[in-house]
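**Student:** Position one of the sequence shown corresponds to residue -19 (this note's numbering), numbered consecutively onward. No residue lacks a Cβ here, since even glycine has one placed at the ideal position from N, Cα and C. Quick one: the structure is below, and I'll ask about it shortly.
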Amino acid sequence: MEAVGSAALALALAAAQTAAAPVGQLVEGVRCESDPTQTYTLYLPAAYTKERAWPALLVFDPGGRSRVAAEVFREAAERHGWLLLSSNDTRNGAPPEQNLRALTAMWPEAHLRYATDSRRVYAAGFSAGGMLAYELGRRTPGENGLAGVIASGARWEEPLFKQRIGFPCFGAAGDTDFNYARMRDVHARLREWGTAERLEIFEGSHEWMPATLAAQAVAWMELLAIKGGLRKGDEGFVAAQLQADLERARALEARGAPLAALRTLEQVAATFEGLAPVEGARRELARLGAVPALPALQAARRAESHWDRYEENWLRQLGNAYAQLLGVDPPLTAAAFRAAVRIDDLRRQAAADGYEGVVGRRLLETLASQTGFYMARELLAKKDHLRARVALGVATEAAPARPLHWYNLACAQARVGARRDAIDSLERAVAAGFEDRARMASDDDLASLREDKRFQALMQGGARGALSPP
């Protein structure tokens, strides 16, 4: 997959189109010209015309939620004049050829259908969608290759750490995201390679970055475009972005997060070197490393190092517990599995102050996602309902507000003949917000419950679509 055409060719082809796309609004269900089976949500900024070339952002969501993902970047796209093309067809867990087909269709769509600057086509993705954004960059090397990646809650598998990349990468992760540590690993490797990178942490779990942070990511790419000669300089814009970054660093320090402030200032110095004077950032860095600020910074480093090691050790214990669950026959009881992953300790830790509490909440989030989605998906696919019941039982303890975990637990319980427990779990699912009566009525896993009066009572509720997995 190579970059297609020049900016002049793109302008000519765009001008030849007979039907103009609406501007200033999200347009859903647009079909790719090269592969009509692939569709996307389109956003053209209100000022869009075919007489000039515009940056474009290809967006990949792991659940194909094209409009949801486009909304994350809509405001930034309007402000900075970017085109958005958000795929409907990327899926976490789908066969590789399915996701590759989406990439293959979206790349020429951006270049040939709209008045796109072929040097400034970017990709953004959340979770597995972020992995696809990186993959697109690897598949489109050269001057007209992908100009940069914006990734939220994504990670790399081990072989990718050996494949050097040079395009700029803006990363974001929620502080309780189970991919938090892996995102930090990615950006540590990018720094080793000398790749332009920035990593921002926000308050949240495994989710798309907030729109405010997406706007920061787009602005960062604009700064690098100025720095690289891909767009005209703009002293006012550069100065405003520098001031905003310095203010963010000061706000972090004022909130008692000196280590986050230090990292922001380091990124400011790297981004603005050659664009604007960075003496102010360097003075702030020197001050943070001197008395009286130094003790707070040292304490933050010690706490982070301690609890990061704790997290790595716990992740190994989770892997060992799952291996034991798979390898023991009959399988571990739910009580034995929950003891192996120390769920009670995690709950106490999650209530603590500071970074200890953040790590505790992140590990509970990790436990819920690993047992309730990844492990459960594997076990249910093998129809190993006994072990799925154990994993899902732990998932509901780690995240009792997630309806889909309770529903899947009910399915596993019904399959192994624990009908009373299954009804209890279905009631918990409905109480937590799961009300997809059509699914409950047709799901073969629940066939043994349909004559139960409590099941019939549950069927009287309203309907709502099932929730998406993490």
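Per DSSP, which one or two residues make a beta bridge with residue 181?
**Tutor:** Paired residue(s): 153.
**Student:** Return the Cβ separation of residue 154 and residue 105 in integer angstroms, given the expectation that the two are a contact with Cβ distance under 8 Å.
**Tutor:** 15 Å between Cβ atoms; not a contact.
**Student:** Hey, residue 392 and residue 365 are a contact pair by Cβ (cut 8 Å); roughly how many whole angstroms apart?
**Tutor:** 5 Å
**Student:** If you reduce the DSSP assignment to three classes, tell me which class residue 75 lands in.
**Tutor:** coil
**Student:** Beta-carbon separation of residue 435 and residue 406 under 8 Å?
**Tutor:** yes
**Student:** Can you name, in chain order, every residue of its own chain whose Cβ lies under 8 Å from the Cβ of residue 90, other than the five neighbours on each side?
**Tutor:** Taking residue 90 as the centre and dropping the five residues before and after it, the same chain places the C-beta of 36, 38, 63, 65, 96 and 101 closer than 8 Å to its C-beta, in chain order.
**Student:** With burial defined as no fewer than 16 other Cβ atoms inside 10 Å of the residue's Cβ, what is the status of residue 339: buried or exposed?
**Tutor:** buried
**Student:** State buried or exposed for residue 235, treating a residue as buried only when at least 16 other CB atoms are found within 10 Å of its CB.
**Tutor:** exposed
**Student:** Quick one: is residue 238 buried, meaning 16 or more other Cβ sit within 10 Å of its Cβ, or exposed?
**Tutor:** buried
**Student:** State the DSSP-derived secondary structure class of residue 8, mapped to helix, strand or coil.
**Tutor:** Under the three-state reduction of DSSP, residue 8 is assigned to strand.
**Student:** Would you mind sorting residue 270 into buried or exposed? The rule is 16 or more other CB atoms within 10 Å of its CB.
**Tutor:** Exposed.
**Student:** From what residue to what residue does the beta strand (DSSP E) around residue 23 run?
**Tutor:** That run of the beta strand (DSSP E) goes 19 to 23.
**Student:** Using only the alpha-carbon positions, how far apart do residue 13 and residue 209 sit?
**Tutor:** 31 Å
**Student:** With 16 other CB atoms within 10 Å as the buried threshold, where does residue 173 fall?
**Tutor:** exposed
**Student:** Let's see if you can read the secondary structure: which residues bound the alpha helix (DSSP H) around residue 285?
**Tutor:** 274 to 307
**Student:** Beta carbon of residue 195, beta carbon of residue 55: below 8 Å?
**Tutor:** yes
**Student:** If you draw a straight line from the alpha carbon of residue 147 to that of residue 130, how long is it in whole angstroms?
**Tutor:** 11 Å
**Student:** Do residue 123 and residue 144 have their CB atoms nearer than 8 Å?
**Tutor:** no
**Student:** I believe residue 188 touches residue 49 by the beta-carbon criterion, under 8 Å. Please report the beta-carbon distance rounded to the nearest angstrom.
**Tutor:** 7 Å
**Student:** Taking the beta carbon of residue 274 as the centre, do at least 16 other beta carbons fall within 10 Å, making it buried, or is it exposed?
**Tutor:** The Cβ neighbour count for residue 274, taken over all protein chains shown within 10 Å, is under 16; the residue is labelled exposed.
**Student:** Grab me the residues of residue 190's own chain with a C-beta within less than 7 Å of its C-beta, minus the 5 sequence neighbours each way, in chain order.
**Tutor:** Beyond the five residues adjoining it in sequence on each side, residue 190 comes within less than 7 Å, by CB distance, of 182 in the same chain, given in chain order.
**Student:** Write down every uninterrupted run of the alpha helix (DSSP H) in the segment 121 to 173 whose length is 4 residues or greater and which is fully enclosed by it, in chain order.
**Tutor:** Listed in chain order, the alpha helix (DSSP H) elements of length 4 or more contained wholly in the segment 121 to 173 are 160 to 173.
**Student:** Measuring alpha carbon to alpha carbon, tell me which of 75, 60 and 285 ends up nearest residue 161.
**Tutor:** By alpha-carbon distance to residue 161, the top candidate from 75, 60 and 285 is 285.
**Student:** Taking residue 96 as part of the beta strand (DSSP E), name the residues at either end of that continuous run.
**Tutor:** 96 to 106
**Student:** Which two residues bound the contiguous alpha helix (DSSP H) that contains residue 67?
**Tutor:** Counting along the chain, residue 67 falls outside any alpha helix (DSSP H), though it belongs to the beta strand (DSSP E) covering 63 to 67.
**Student:** Once DSSP output is grouped into helix, strand and coil, what is the label at residue 446?
**Tutor:** Summary for residue 446: the model assigns pLDDT 36, below 50, so the residue's position carries little reliability; its value from the coordinates is reported in the next sentence. Residue 446: coil per DSSP, three-state reduction.
**Student:** What's the gap between the Cα of residue 267 and the Cα of residue 2?
**Tutor:** 51 Å
**Student:** Near residue 318, which residues of its chain fall below 7 Å by C-beta distance, leaving aside the five closest residues on each side in sequence?
**Tutor:** 374 and 377
**Student:** If you reduce the DSSP assignment to three classes, tell me which class residue 200 lands in.
**Tutor:** helix
**Student:** Suppose the cutoff is 7 Å on Cβ atoms and the five residues either side in sequence are ignored; what does the same chain contact list for residue -14 look like?
**Tutor:** Note that residue -14 scores 45 on pLDDT, short of 50, meaning its location in the model is unreliable and no value can be drawn from it.
**Student:** Considering only the alpha carbon of each residue, which of 332, 248, 409 and 438 lies closest to residue 227?
**Tutor:** Per the Cα distances, 248.
**Student:** Compare the Cα-Cα distances from residue 457 to each of 272, 322, 70 and 28 and report the closest residue.
**Tutor:** Given that the chain is displayed from residue -19 to residue 450, the structure contains no residue 457 and the question cannot be resolved.
**Student:** Between the alpha carbons of residue -4 and residue 94, how many angstroms are there, rounded?
**Tutor:** In this prediction, residue -4 scores a pLDDT of 42, lower than 50, which makes its location untrustworthy; the coordinate-derived value is nonetheless stated afterwards. In a straight line, the C-alpha of residue -4 is about 10 Å away from that of residue 94.
**Student:** Could you please give the first and the last residue of the uninterrupted alpha helix (DSSP H) stretch that includes residue 39?
**Tutor:** Residue 39 -> not in any alpha helix (DSSP H); beta strand (DSSP E) instead, spanning 34 to 40.
**Student:** Skipping 5 residues on each side, what residues in its chain have a beta carbon closer than 7 Å to that of residue 112?
**Tutor:** 40, 70, 79, 83 and 105
**Student:** Is residue 117 closer than 8 Å to residue 42 when the C-beta atoms are compared?
**Tutor:** no
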